[in-house]
Structure formats: C-alpha cells, structure tokens
Amino acid sequence: MSDILGSILGGGAPDTPSGTSSPSGGGLMDQISNIGKSFGLDKDGDGDVDLNDLGSMLKK
C-alpha cells in the first residue's frame, strides 16, 4: 500500500534496500507542481507549487 501512495504522491519506494539508488518517482503531486511552475504559480520562488503559494494567490 505504501508503494502505491509513494508512486501517487512522489518519492521513491520506501522499502528500497540501503545502498541502492531509487528514482524520485515523479508522482502526481510532482507533476502538478511542475505544471504550476510553468504557469507561473510558484509565488514564493521556492521551486514548487504548494499551499504557501495557494495562500498567496487567495490573499490578493
């Protein structure tokens, strides 16, 4: 179950043995963040679109 959540939300598989590399996963949240960055939605300039950026958009 945690592997499924990891692939949706991003990040590597949690049970990867130590000493091996694991890709970042590129989950759904990563893809949404990348789309948001390309539309200029990263308001605080931290490299991702998150709740802080959403809060900045709603205050204006």
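Take 9 as the starting number for the sequence shown in my numbering and just add one per residue.
For every residue, glycine included, the Cβ atom is placed at its ideal position computed from N, Cα and C.
For the options Asn-42, Ser-64 and Ile-43, the alpha carbon positioned closest to that of Asp-52 is the one of Ser-64. The distance from the Cβ of Asp-56 to that of Ser-41 is about 5 Å, consistent with a contact at the 8 Å cut-off. The beta carbon of Asp-61 sits closer than 7 Å to the beta carbons of Leu-49, Asp-50, Lys-51 and Asp-52 from its chain, once the five residues preceding and following it are set aside; these are given in chain order. If you draw a straight line from the Cα of Asp-54 to the Cα of Leu-66, it comes to about 18 Å. Taking the CA atoms as reference points, Met-37 sits about 9 Å from Asp-58.
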